[in-house]
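Quick note: the sequence shown uses this note's numbering, first residue 207, plus one each step. Beta carbons: idealized from backbone N, C-alpha and C, even for Gly.
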Amino acid sequence: MRYIVKGIFLGLLLIFCGSVTLLAQKNAVVDKIVAKVDNHIILLSDIEGGYQQMLANGQYPPNTQEAKCEILKQLIMTKVMYAKAQIDSVEVDDAQVEAELDQRMQYFILQAGSQEKLEQTLGSSVADLKNDLREQVKEQQTVQKMQRDILAEVKITPAQVKEYFNNIPEDSIPFLPAEVKVGQIVMEPEVSESEKEKVRKKLVDIKKRIQGGEDFALMAQQYSEDPGSGRKGGDLGWHGRGELVPEFEETALTIEEGEIADPIESDFGYHLIQLLERRGNRFHARHILVRPQSNTQDMDRAVAKLDSVRNLVMGDSLSFPEAAQEYSSDQLTRANAGYFKNQSTGSSYVSTEELDPVVFFTVDTMKVNNMTKPMRYRTDDGKEAVRVIYYKDYKNPHYANLKDDFQKLYQATLNSKKNEILQNWVKKARKDVYIEIDEDFQGCSFLEEFRQ
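Structure below.
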């Protein structure tokens, strides 16, 4: 079932193999074109990279060639959707592509430790990496848009879930790993007013220098702490309402073209914003971002406050979901009553194999219904914070059944139905595109499906 749950989106995962690891693997493969879909090519390194990703995810298929054939099939399906989207003039907004690329760069930089370390590892600049990935990200977003349209009306019933489960051979019923229900409350230290004032003054001084003739772009490259736009002179491209934080949008939509606003505060820090151009409710702006830094005293106060919240929860004066809703600054877990979410099923029970390693090793030393003392850690976007981990429940490993695992089986049934619809769609759509496959993969069984 693990393959079924994840299989339908394998093609999208492979198209999105813009990770540093897979980029490095592609460079190590002796490459050649193994398939063409109209003007779009699939390389041997794409398949090898996808296979290595399967192994890295703990998936060990019994037959390597069959696994690679399945990867090729998924890649061809995504290429057919992309080619058909171009034929049907289905497009995605360039601003969406750029926003996704900026988010990727920020993730890669955080993983590497710094932009300099990332560029040293890659042997090229972040700008070059963005250019290398731009077409892949555009393709992925276009294919996602096509998939949403194709699968918009797909629904299944409990009876179909039961039928799906009953059709699984008894010796193939999956053995599910242990699952835990774990949550967190994250608290970021409140930065002192003196530190905020120091940042505001710094940006006011930068504004005066720009108004005195210095170049905004050079100032952004030198001072901005936004890794996505800093290297581009602070340029954020075009955006519309609802795409950036409200404080930023309100300022950008009220100042005149060419004007530089006074520093404004958002959850990201302090911004010095210049409006370059506005067309109705869309605007093209650039900014310089500086984040106030917390000090030891700020962190100590956050630890003390979070410890008080912990005591309220452990003393049953406040429920954990209520505490997470009121105090946690982590939006993802806060939106799920403070608990980590299984991304495949939407459940609050997460496989121990899928837990963040730090959380896993923390929970591994705890008893159910217990909570850690406040611990210092760094958030995904690089901020210093404190958090408590709450260990709510544990489920033993077991064979899947309808009573305990309905949500997982529902998702597997839904994915199976979606996969069937997508394959039927591709069979029809392939008549509108040209497909050529290398002789090394002519033995793949899926070719018979495409010929039907």
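Pair within 8 Å by beta-carbon distance, residue i and residue j
| i | j | result |
| --- | --- | --- |
| M393 | K511 | yes |
| K623 | E385 | no |
| V298 | T348 | yes |
| A458 | F489 | yes |
| P433 | Q312 | yes |
| I494 | S430 | yes |
| I277 | G256 | yes |
| Y370 | T619 | yes |
| S557 | P395 | no |
| E463 | L482 | yes |
| V388 | F567 | no |
| D441 | R492 | yes |
| K344 | F652 | no |
| R437 | V332 | yes |
| I248 | L281 | yes |
| L615 | V367 | yes |
| F381 | P563 | no |
| W631 | I356 | yes |
Which listed residue (the options) has its alpha carbon closest to that of residue i
| i | options | result |
| --- | --- | --- |
| E399 | Y429, Q503 and I253 | Q503 |
| K589 | D610, S514 and R497 | R497 |
| S378 | E456, E655, R507 and N607 | N607 |
| F612 | S550, I643, K633 and N575 | S550 |
| Q629 | M283, R354 and K579 | M283 |
| P527 | K336, V397, R540 and G649 | R540 |
| E455 | A305, I479, D355 and L615 | I479 |
| N576 | E359, R582, L357 and D599 | D599 |
| V565 | D513, Q390, E401 and N372 | Q390 |
| R584 | N542, S500 and K633 | S500 |
| S514 | K614, K579 and D421 | K579 |
| R354 | E655, L653 and I627 | I627 |
| S435 | K336, R484, L524 and F381 | K336 |
| Q427 | P563, Q321, D237 and C275 | Q321 |
| D587 | G319, K361, N263 and C275 | G319 |
| D338 | K408, P268, G418 and V303 | V303 |
| D506 | P268, K361 and V397 | V397 |
| Q648 | K274, D237, T327 and G264 | K274 |
| A358 | N621, E655 and N373 | N621 |
Close-in-space but distant-in-sequence residues of the same chain around residue i (CB under 7 Å, 5 per side omitted)
| i | result |
| --- | --- |
| V235 | Any reading at V235 needs caution, since the residue's pLDDT is 47, under 50, leaving its predicted position unreliable; the model's value is listed next. So the qualifying residues of the chain are L250, S251 and E254. |
| I416 | F422, M425 and I466 |
| I412 | M425, Y429, L478 and I494 |
| R406 | P469 and Y476 |
| T227 | Its pLDDT being 41, under 50, T227 is placed unreliably by the model, and nothing is read from it. |
| A635 | V286 and K290 |
| S472 | V451, E453 and F454 |
| H246 | K285, Y288 and A289 |
| T363 | none |
For residue i, three-class secondary structure by DSSP
| i | result |
| --- | --- |
| I494 | strand |
| K634 | helix |
| T227 | Confidence in T227 is poor, its pLDDT being 41 and thus under 50, which makes the residue's placement unreliable; the coordinate value appears in the next sentence. Here T227 sits in helix by DSSP. |
| K296 | Reading off the sequence shown, one finds Val at residue 296, where the question assumed Lys. Coil at V296, not helix or strand. |
| R415 | helix |
| D599 | strand |
| D251 | It should be noted that the sequence gives Ser, not Asp, for residue 251. In this structure, S251 counts as helix in the three-state DSSP scheme. |
| G486 | coil |
| K242 | strand |
| A510 | helix |
| M577 | strand |
| M572 | coil |
| G588 | coil |
| Q258 | helix |
| S622 | helix |
| K387 | strand |
| Q524 | In the sequence as displayed, the identity of residue 524 is Leu instead of Gln. In the structure shown, L524 sits in coil (DSSP, three-state: anything other than H, G, I, E or B). |
| E645 | helix |
| S535 | coil |
| L278 | helix |
| V556 | strand |
Cut-off 8 Å between Cβ atoms - residues of its own chain near residue i, not counting five sequence neighbours on either side
| i | result |
| --- | --- |
| V639 | V243, D244, V286, A289, K290 and I293 |
| D646 | V240 |
| A543 | G389, F526, P527, A530, Q531 and S554 |
| L561 | V386, V388, F546 and V569 |
| R340 | V303 and L307 |
| F474 | D432, V451, L495 and R497 |
Cβ shell of residue i (< 6 Å), same chain only, five flanking positions each side left out
| i | result |
| --- | --- |
| W444 | A301, R488 and H490 |
| R516 | M577 and V594 |
| C223 | Bear in mind that the predicted position of C223 carries a pLDDT of just 42, short of 50, making it too unreliable to give a figure here. |
| M572 | Y597 |
| R582 | V592 |
| E642 | K242 |
| V519 | F526 and A529 |
Task: Secondary structure, alpha helix (DSSP H): runs of 4+ residues fully inside the stretch 322-382 - done: List check, alpha helix (DSSP H) in window: 332-356 and 364-372.
- [ ] Taking only runs that begin and end inside the stretch 418-468, name each unbroken beta strand (DSSP E) of 3 or more residues, in chain order.
- [x] Runs found: 441-445.
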